[in-house]
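K.L.:
Here's a structure for you.
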Amino acid sequence: MEGSRSGNGMVEDITARDWNLVWGTLVRRHLASAHFPDNIRHYSDEETARRYDSSHSKKFKRRIDDTLTDLNPGPGSRILDIGSGPGTLAVPLSKRAREVSAVEPAKGMVAVLRERLNKEKISNVRIIPRTWEDVDIQDIDPPYDTVLAALSLGMEDLRGAVEKMQAMASGTVNLYWFADVPFWERMCLDLWPDLHGSPYSPQPLLDTLYLVLYHMGIYANVQVRDLENWYRFTSEQEMCAHFCPMLGATTPSQENLVKKYLKSRASSDKNDIFIPATSRYARVWWRV
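As structure tokens, then:
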């Protein structure tokens, strides 16, 4: 009987808890534990954004193709892409839809997106260079047939962000988010105490996202998929140059810790160093 009472207490706790507050607390803890800039500052640098665009369009081709199949926009559709980055989805979507509005606050990402649009002579993508929280509904001419946020749910007030998405949508809202801890955060969890003398707090995951939606009365569809990912480098120096800034590793001893950790997980592929980094993500979607 005691076990049953404990179980019921857990159910009551889950039901009564403010899951939006839980989400916001986890986001704040994550940002406070980090020894690296947030994504907006990190991708304000054009070269960093350009490297992201070059690598991700190749590595995540399957995810991009799956998303295009999910959304399946018609030639008359309007799409709102929140956290569009360098146009990973906005550019291919623009070739199928009537119009795409791309919300992206990082200056480097915006610059790379503009370059892509000019190079490919795309004229039906509108860029809104702001955070989603700072976007005014009247500024982007709703409604949209499809509202999309792909791996871009970094806002503290998730409920407020979703309410705004719903206000913009006339068809579906589509959120793509991590179902388990991605490789780079697993690395942070393992290395943070030795690197920085404190624990690392990861971002909230799919479970918390779904509970926020559930308590908003949104009973979303969920599809979990593998997020195929890998890293390939030509030398240990290149490998460390990529990961050490991400981990806030600046001293020789910190850099050696990172190098030792990565070497234990890497394999040689011809003349390259190969690190597998597959995780899982989910499409969470519903009709408004």
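Quick note on numbering: our numbering labels position 127 of the sequence shown as 142, and the sequence is numbered without any gaps.
Every residue, glycine too, gets a C-beta built ideally from N, C-alpha and C.
Which same chain residues end up closer than 6 Å to S21 when comparing Cβ atoms and leaving out the 5 residues on each side of it in sequence?
P.N.:
Low confidence applies to S21: its pLDDT is 35, below 50, so where it sits in the model is not reliable, and the reading given next is rough at best. Close CB contacts of S21 within its chain, under the 6 Å cut and outside five residues either way in sequence, are absent.
K.L.:
Between F75, K110, K76 and G100, which has its C-alpha nearest S92's C-alpha?
P.N.:
The shortest C-alpha separation from S92 is found at K110.
K.L.:
Between P291 and H45, how many whole angstroms is the CB-CB distance? I'm expecting something under 8 Å.
P.N.:
That pair is no contact at about 24 Å.
K.L.:
Below 8 Å on the Cβ atoms is my guess for W147 versus V118; work out the distance and round it to an integer in Å.
P.N.:
That pair is a contact at about 6 Å.
K.L.:
For the stretch 188–265, which segments carrying the alpha helix (DSSP H) assignment without a break, of at least 4 residues, lie completely within its bounds, in sequence order?
P.N.:
For the stretch 188–265, the full-length alpha helix (DSSP H) segments reaching 4 residues or more read 198–211, 221–229 and 251–261 along the chain.
K.L.:
Give the range of the beta strand (DSSP E) segment to which V162 is assigned.
P.N.:
Y159 to A165
K.L.:
What are the boundary residues of the alpha helix (DSSP H) that includes D267?
P.N.:
In the sequence as presented, Asp is not what sits at residue 267; that position holds Pro. Here the alpha helix (DSSP H) through P267 covers P267 to K278.
K.L.:
Only counting the same chain, and skipping five residues up and downstream in sequence, which positions put a Cβ closer than 6 Å to that of G100?
P.N.:
M124
K.L.:
Mapping the DSSP letters down to three states, classify I94 as helix, strand or coil.
P.N.:
strand
K.L.:
Do you know offhand how far P157's Cα is from A184's?
P.N.:
7 Å
K.L.:
Ordered along the chain, which non-local residues of its own chain (more than five positions away) have a Cβ less than 7 Å from that of S19?
P.N.:
Confidence at S19 is low in this model, with a pLDDT of 29, below 50, so the placement of that residue is unreliable and no value is reported for it.
K.L.:
What separation, rounded to the nearest whole angstrom, lies between the Cα atoms of L228 and K275?
P.N.:
Distance between the alpha carbons of L228 and K275: 41 Å.
K.L.:
Mind the definition here: the stretch 195–207 touches the stretch 167–178 only if three or more C-beta pairs lie below 8 Å; say whether that holds.
P.N.:
The count of Cβ pairs closer than 8 Å, one atom from the stretch 195–207 and one from the stretch 167–178, stays below three, leaving the stretches out of contact.
K.L.:
Per the DSSP calculation, S116 is bridged to which residue(s)?
P.N.:
L95 and R141
K.L.:
May I have the straight-line CA-CA distance separating R78 from L272, to the nearest angstrom?
P.N.:
32 Å
K.L.:
Got a sec? Which residues, its chain only, sit under 8 Å from P144 by beta carbon, not counting five neighbours each side?
P.N.:
E119, P120, K122 and V125
K.L.:
Given a cut-off of 8 Å on the beta-carbon distance, is the pair I94 and Y159 in contact?
P.N.:
yes
K.L.:
My output table needs one value for R174: the three-state DSSP class, helix, strand or coil.
P.N.:
helix
K.L.:
What residues in its chain sit with their C-beta under 8 Å from that of M170, if we drop five residues either side in the sequence?
P.N.:
So the qualifying residues of the chain are V42, T146, W147, E148 and A176.
K.L.:
What residue from K278, Q238 and H211 has the CA that sits closest to C255's CA?
P.N.:
Residue K278 is the option with its Cα nearest to C255.
K.L.:
Cα-Cα, which of T40, F248 and M261 is closest to D287?
P.N.:
F248
K.L.:
Taking its Cβ as the centre, do 16 or more other Cβ atoms sit within 10 Å of G102, making it buried, or is it exposed?
P.N.:
buried
K.L.:
Nearest CA to the CA of Y58: which residue from G98, A47, W34 and D33?
P.N.:
G98
K.L.:
Measure the C-alpha to C-alpha separation of D80 and A47 and round it to an integer number of angstroms.
P.N.:
35 Å
K.L.:
Take I152 and list the residues in its own chain whose beta-carbon comes closer than 8 Å to its own, dropping the five residues that flank it on each side.
P.N.:
Once the five neighbours on either side are set aside, the close Cβ partners of I152 are K179, A182 and M183.
K.L.:
Roughly how many whole angstroms lie between the Cα atoms of E240 and G232?
P.N.:
In the sequence on display, residue 240 carries Arg and not Glu. If you take the alpha carbons of R240 and G232, they lie about 25 Å apart.
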